[in-house]
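Here is the structure we will look at.
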Amino acid sequence: MILKKSIWLNAALSCFITCALPIFTPNRAVSAERLKLSFGIVERSISVDSLENYAKTGQVNDELATYFKYVPKENRGELREALLAPIPLNSVEVSQFLYSPIGEKLLETLSQIVQSEFRNRGQTNRNKFRRGSGFYGTRSALILAARKKNNFNIINILRKFPSQTISIDLFRSLEIGLRARNIVNRTQKAVALINEKSLNKANNQTVSNSTTSNALRKGNFTYQKDSVTLTDVRRIRSFPLDIYLPRTNKPSPIIVISHGLGSDRSSFAYLAEYLASRGFVVAVPEHPGSNAQQLQALLGGIAGEVTEPREFVDRPLDVKYVLDHLERLSNSDAAYKGRLNMEQVGVIGQSFGGYTALALAGAEINFPRLQENCPVDENTLNVSLLLQCQALNLPKIDYKLSDPRIKAAVAINPVVSSVYGKENFSKINIPVMIVAGTADTVAPAYPEQIIPFTWLTNPNKYLVLMNGGTHFSAIAESPNSSIPVPSQVIGPSPNLARDYTNYLALAMFKTYVTNNSAFRSYLNANYINSLGQGDLFLRVVNELSSDNLR
């Protein structure tokens, strides 16, 4: 597995800008002219002009030459690209995000490194964190730079900083860098171990290429797609639902797909179509408080949060309500009567949808663990904790989110480490598959999927590594998306990643939802390992202990 620095850099920048930005305007018409790099009592400075000239021409002047001795030649092109890469957001969208609680938390972290020349001025927020000039200066610079259409990039953000000098604390940068390196090293060690165990597990039998290639193709069932709007009166909540219904008179198994934060029901339409062609009824709800429309509402100034804490409860309840609706259709609607097998139900979700799938599978919100881990450490590099800690604002009661109708669950890039913790994640007692992307910087594989997998106690469990996969690999681009995701953030071969997602869902649900023993071998290491191609490949294990990872 190769964790490319450019992927980590671009993903971190993208997450900060697109998941984090009223407008703060400085009183003085001042803009940054120099970057001052400090390490203890040692200070050096670089002019913004020199950086901009390098970004535009590639020329390294005498001022930069001293520093560029420490920059590998192979990384210099990436630096030039990053300095001028356009960020596809406007000032209103940036402002709305940076004034949200998650946006402010990201600013607090960044301001530990970036300061203006007025370092000692600041305010203390409700979490006793002192917000200095770096916090407000960075927010101001981001908002002002975004006002210039098609010219929102790092150079112009530096130009808009409201002081002549921007101070960069290299000591704090080094601390965070060392923490990042520690996480990367742990992840690489764990991934190498899992890859090795998977290869050792695979026997020497030859796998028929026709078997796996057939599983990657769509099936022979045609299907109809029905779109409805459901209203749960008890929760005063309405949401759209797409139902893919295979054309057959026999009762068909049912799969529910739960999208992630900022996505919608089109994000996994490819998976719904594939599973329907394989004979599954597929229900795809859209969670209104955490979908693409909610993100657009935030960026448009209509909503004040990326998502409300209540979504941790409402999402699983949405799926329960969908299953209740399907039961009613099966009993009373002529078009559905006799065509739904309510005894064979599975769920699959990605990111926040992965959390949703696991809640339905039996995991429970762990308030003591959240209280221990929240608020998030200002040095954390696990962005998903900012979302998970939102759950701490819920009333501390037992929400009973599991559903006995669910026979198997698949969670792709789930966020689970703090919101469930070991104590409550181990309560899952149905077959479960966890899919992790080794280059995921939003819900990092090591703390969010690999370690939690070791907490599972039921025997029918699978950890699948998508080597080279990111948090966005399995998500199809939505026609409703207002913010395009850069290709570097999506990662390599997204079409192949979606083929893998189709295969894994089919193998898991055929085996454990329809109890078709012929598909059990599709979950074996030799079959899954044979799917590997180029820089995006799969490995699977069904046993892993925390002792292995030490």
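Residue numbers (this note's numbering): 1480 to 2029. Even glycine gets a Cβ: it sits at the ideal position worked out from N, Cα and C. As the structure is a computational prediction, the values presented were derived from the model and not from experiment.
Using a Cβ distance threshold of 7 Å, residue 1593 and residue 1625 do not count as a contacting pair. In this chain, the beta strand (DSSP E) harbouring residue 1760 covers 1760-1764. Of 1914, 1812, 1817 and 1820, the smallest CA-CA separation from residue 1832 is found for 1914. Here the alpha carbons of residue 1583 and residue 1941 stand approximately 37 Å from one another.
For residue 1817, there is no enclosing alpha helix (DSSP H), as DSSP marks it with neither H nor E.
Residue 1589 carries a helical assignment under DSSP once its states are collapsed to helix, strand and coil. By the Cβ-count criterion, residue 1656 is exposed, with fewer than 16 other Cβ atoms from all chains shown falling within 10 Å of its own Cβ. By the Cβ neighbour-count rule, residue 1741 is buried, with 16 or more other Cβ atoms within 10 Å of its own. Within the stretch 1927-1988, the complete beta strand (DSSP E) segments at least 3 residues long are 1940-1946, listed from N- to C-terminus.
About 28 Å separates the Cβ atoms of residue 1804 and residue 1892, ruling out a contact at the 8 Å cut-off. For residue 1888, the secondary structure class from DSSP, reduced to helix, strand or coil, is strand. Of the residues assessed, residue 1697 falls on the exposed side of the cut-off, its CB having fewer than 16 other CB atoms within 10 angstroms. If you ignore the 5 residues before and after residue 1978, its C-beta comes within less than 6 Å of the C-beta of 1695, all in its own chain and listed in chain order.
DSSP links residue 1770 through a beta bridge to 1742. Here residue 1719 carries a strand assignment [DSSP, helix/strand/coil].
Partner residues in the beta bridge of residue 1702, as assigned by DSSP, are 1725. Around residue 1726, the same chain offers 1700, 1701, 1702 and 1703 as residues with beta carbons nearer than 8 Å, after the five sequence neighbours per side are excluded. Around the beta carbon of residue 1546, fewer than 16 other beta carbons sit within 10 angstroms, so the residue counts as exposed. Three or more Cβ pairs closer than 8 Å define a contact, and the stretch 1985-1992 meets that threshold against the stretch 1753-1762. Per the Cβ contact rule, the stretch 1846-1856 is not in contact with the stretch 1805-1824 (fewer than 3 Cβ pairs under 8 Å). The stretch 1838-1847 makes contact with the stretch 1875-1891: 3 or more CB pairs, one atom from each, lie closer than 8 Å. According to DSSP, residue pairing for residue 2012 in a beta bridge involves 2015. Every unbroken stretch of the alpha helix (DSSP H) spanning 4 or more residues and falling wholly within the stretch 1608-1640 is given here in chain order: 1612-1625 and 1633-1638.
With fewer than 16 other CB atoms across the displayed protein chains lying within 10 angstroms of its CB, residue 1650 is exposed. Judged by their CB atoms, residue 1849 and residue 1890 are not nearer to each other than the 7 Å cut-off. Only residues of its own chain outside the window of five on either side were considered, and among them 1725, 1758, 1759, 1760, 1818, 1819 and 1820 have a CB closer than 7 Å to the CB of residue 1731, listed in chain order. Residue state for residue 1835 is assigned as helix, using DSSP reduced to three classes.
Comparing alpha carbon positions, the residue from 1935, 1925 and 1897 closest to residue 1909 is 1935.
Going by beta carbons, residue 1511 and residue 1637 fall inside the 7 Å limit. Taken through DSSP and simplified to helix, strand or coil, residue 1556 comes out as helix. Spatial neighbours of residue 1665 in its own chain (CB-CB distance under 7 Å, excluding positions within 5 residues in sequence) are listed in chain order as 1925.
In the structure shown, the three-state DSSP call for residue 2022 is coil. Only residues of its own chain outside the window of five on either side were considered, and among them 1815 have a CB closer than 6 Å to the CB of residue 1808, listed in chain order. If you draw a straight line from the Cα of residue 1766 to the Cα of residue 1711, it comes to about 12 Å. By the CB criterion at 7 Å, residue 1647 and residue 1531 fall outside the cutoff.
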